[in-house]
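A short worksheet on the structure shown next.
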Amino acid sequence: MLPDRQAFPPDFVFGVATSAYQIEGSGHGGSGPSHWDTFAATPGTIADASNGSLACDHYHRWPEDLDLIRNAGFSAYRFSTSWARVMPDGVRVNPEGLDFYDRLVDGMLQRGLAPYLTCYHWELPAALADTGGWQNRDIAARFADYCTVIHRKLGDRVASTATLNEPWCIAWLSHFLGQHAPGLRDVRAAARAMHHVLLAHGAATQALRSEGARNLGIVLNFETAQPADDSDEALGAARVQDAIYNQWFIRAIMGQGYPPLALEGLAAHLPDDWQADMGLIAQPIDWLGVNYYTRRLYAAGTGLWPRGSAVDGPLPKTQMGWEIRPEGLTEFLIRLQQDHVGDLPISVTENGMSEAAGQDVAADPRRIAFIGDHLRAARAAMDRGVNLKGFFYWSLLDNFEWGWGFGPRFGLVHVDYTTMKRTPKTSWHAFRAMLGGKADPA
Ligand code: PNW
1 MLPDRQAFPP DFVFGVATSA YQIEGSGHGG SGPSHWDTFA ATPGTIADAS
51 NGSLACDHYH RWPEDLDLIR NAGFSAYRFS TSWARVMPDG VRVNPEGLDF
101 YDRLVDGMLQ RGLAPYLTCY HWELPAALAD TGGWQNRDIA ARFADYCTVI
151 HRKLGDRVAS TATLNEPWCI AWLSHFLGQH APGLRDVRAA ARAMHHVLLA
201 HGAATQALRS EGARNLGIVL NFETAQPADD SDEALGAARV QDAIYNQWFI
251 RAIMGQGYPP LALEGLAAHL PDDWQADMGL IAQPIDWLGV NYYTRRLYAA
301 GTGLWPRGSA VDGPLPKTQM GWEIRPEGLT EFLIRLQQDH VGDLPISVTE
351 NGMSEAAGQD VAADPRRIAF IGDHLRAARA AMDRGVNLKG FFYWSLLDNF
401 EWGWGFGPRF GLVHVDYTTM KRTPKTSWHA FRAMLGGKAD PA
């Protein structure tokens with residue numbers, strides 16, 4: 001069951017989130033190749049050998065998709081612009097790509113949806129990947145230029161702007177764990193990316209401020225890291241993972257410096273003079289986006305730093321094997337407020353669960369329970385004084401789930417990838433009942 005709408009303040013924002021590469025179809029509209037196109041074309045990278053060239057064909061079907069958001073009763077839509085679509089070679093502007101987002105934002109406003117823009121949800125232009133991507137310090141200036149281009153086109157109409165989605169995924173998952181583009185397993189590459197992604201955020205935030213942009217923020221992902229047993233080694237492993245995952249980015253952004261436990265392994269690989277960048281990184285922000293899905297358990301490991309290995313946990317899991325632990329959301333929101341951001345407005349910018357395709361594509365009672373439990377967990381944090389302003393479900397549609405391909409289905413709306421037909425699931429209807437959406441599905 002979802003809670004009553006009245007359990008949240010009248011101005012609390014309920015929305016859904018998507019990202020460009022996962023739904024649009026990168027093969028359309030003069031987009032250049034991104035490093036996700038080249039990564040997905042490499043054998044062995046994507047579970048079902050798929051890619052995002054067509055995805056949900058949102059590039060052509062966006063009016064229907066915006067109708068689905070409005071008709072459920074949501075008041076906001078978190079979307080992202082693709083750098084490779086807007087700047088196919090990372091530098092030259094593709095007017096056709098900018099015009100697509102211009103129409104999309106107007107379409108949101110026509111339907112009473114507040115546009116929540118994310119400038120980067122992972123489509124690094126392949127030309128910039130070829131010159132070192134996030135390992136190259138130049139990326140910060142290139143990214144600030146790109147954000148300025150987006151702002152000059154859309155900034156008069158968006159309600160809020162996030163520079164980056166999930167720096168941990170951009171840097172660590174992609175350069176150390178090797179699971180996302182560019183698929184590296186290299187601590188030096190990872191350390192540089194961990195720093196440059198923050199430098200890019202700082203440079204872009206400064207550039208956008210000078211353009212008069214308001215409501216600037218960033219979206220970070222948090223994942224509870226706990227020891228798998230009561231050994232000192234497991235506890236130590238969990239602490240290091242917590243420092244890398246849950247402290248590195250927020251501490252730097254809030255001017256608290258990098259966490260010592262992560263510096264133990266990364267300091268030797270950071271760019272020279274990294275300390276001189278910490279001021280630019282710590283630009284004031286207006287809000288923080290929090291993505292929360294799960295917890296991971298760590299056991300003692302034997303390899304190089306950061307040793308510890310992730311092991312299977314005992315809690316009920318989603319289709320992707322992610323443990324379901326709603327109280328982790330309450331814990332993170334309180335911890336962020338107490339340790340890092342104080343009264344800075346926070347939004348939950350992603351929370352959701354994957355399921356496999358079922359016989360009845362529209363019946364998803366487990367998802368309704370998952371959402372209800374996490375909304376109550378968010379409400380509990382507000383009762384403890386957290387300045388929480390909104391909640392965005394991930395995701396509107398079943399879509400391209402990165403390295404997992406099209407197997408996991410996160411949507412409130414089912415997508416048939418042969419016909420592209422959209423079918424609202426019972427979770428979509430549950431939101432409609434909660435939020436007082438009036439119209440039929442589309
Ligand atoms: C987030 N991990 O990604 C992204 O913002 C979405 O694009 C994505 O679809 C969603 O969560 C569901 O996965 C993550 O391995 C991907 O820890 C992987 C991880 C975390 C977040």
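Mapping to UniProt numbering: the sequence shown position 406 is 406, numbers consecutive. The C-beta atom is built at its ideal place from N, Cα and C for all residues, glycine as well.
Measure the beta-carbon distance from residue i to residue j and round it to whole angstroms, keeping in mind my assumption that it falls under 8 angstroms.
i	j	result
ARG409	ALA357	6 angstroms
SER82	SER31	6 angstroms
SER35	PRO182	The sequence given here has His at residue 35, not Ser. HIS35 to PRO182, Cβ: 6 angstroms. Contact.
GLY90	ARG137	In fact, because the Cβ distance is near 15 angstroms, the residues do not count as touching under 8 angstroms.
ARG379	ILE334	The Cβ separation is near 13 angstroms, so there is no contact.
MET1	GLY436	Wrong, their Cβ atoms sit about 16 angstroms apart, outside the cutoff.
ALA140	HIS175	About 16 angstroms; that fails the 8 angstroms criterion.
ILE218	GLY112	So it is not a contact: roughly 26 angstroms between Cβ atoms.
LEU375	PHE391	6 angstroms
What is the rounded straight-line gap between the Cα of residue i and the Cα of residue j?
i	j	result
LEU396	ASP273	43 angstroms
ILE150	ALA300	45 angstroms
PRO365	SER347	25 angstroms
GLN256	ALA200	18 angstroms
MET434	LEU412	14 angstroms
TRP134	GLN275	18 angstroms
GLU355	THR318	6 angstroms
GLY265	LEU173	16 angstroms
ALA267	MET194	11 angstroms
GLU233	LEU263	18 angstroms
THR294	MET320	11 angstroms
ALA310	GLY303	13 angstroms
GLY107	ARG157	11 angstroms
VAL386	GLN22	31 angstroms
ALA252	MET278	7 angstroms
PHE222	LEU98	31 angstroms
ALA114	TRP305	44 angstroms
ILE324	LEU177	22 angstroms
CYS169	LEU220	9 angstroms
PHE14	ALA159	14 angstroms
THR330	LEU297	18 angstroms
PRO227	ASP242	11 angstroms
GLU123	GLY352	22 angstroms
Who does residue i pair with in a DSSP beta bridge?
i	result
ALA380	DSSP, once it has assigned bridges, lists no residue as partnering ALA380.
VAL348	VAL290 and PHE391
ASN221	ASN291
LEU216	THR161
GLN226	LEU297
GLU355	ARG409
VAL415	ARG422
Taking 7 angstroms as the cut-off, is the CB of residue i close to at least one heavy atom of the ligand PNW?
i	result
TRP83	no
GLU323	no
ASN221	yes
GLU211	no
TYR293	yes
SER50	no
CYS119	no
GLN22	yes
GLY14	With the sequence shown as reference, residue 14 is identified as Phe, and Gly is not the correct amino acid for it. No; taking the cut-off as 7 angstroms, the Cβ of PHE14 has no heavy atom of the ligand PNW nearer than that.
GLU166	yes
residue 523	Because the chain is modelled from 1 through 442, residue 523 falls outside the range shown and cannot be assessed.
SER347	no
SER26	no
PHE410	yes
TRP402	yes
SER309	no
GLU123	no
GLU350	yes
CYS147	no
CYS169	yes
SER427	no
TRP248	no
SER19	yes
TRP394	yes
Take every Cβ of the stretch 64 to 72, pair it with every Cβ of the stretch 121 to 129, and state whether three or more of those distances are shorter than 8 angstroms. no
Touching by the beta-carbon criterion (3+ pairs, under 8 angstroms), the stretch 43 to 52 and the stretch 397 to 408: yes
For the 8 angstroms Cβ check, are there 3 or more pairs between the stretch 155 to 172 and the stretch 111 to 119? yes
Three or more C-beta pairs below 8 angstroms linking the stretch 52 to 63 and the stretch 13 to 31: yes
Within 8 angstroms, do at least three Cβ pairs link the stretch 245 to 254 to the stretch 302 to 316? no
Does the contact criterion of 3 or more C-beta pairs under 8 angstroms hold for the stretch 365 to 384 versus the stretch 423 to 439? yes
For the pair the stretch 202 to 210 and the stretch 137 to 152, tell me if three or more CB-CB distances fall below 8 angstroms. yes
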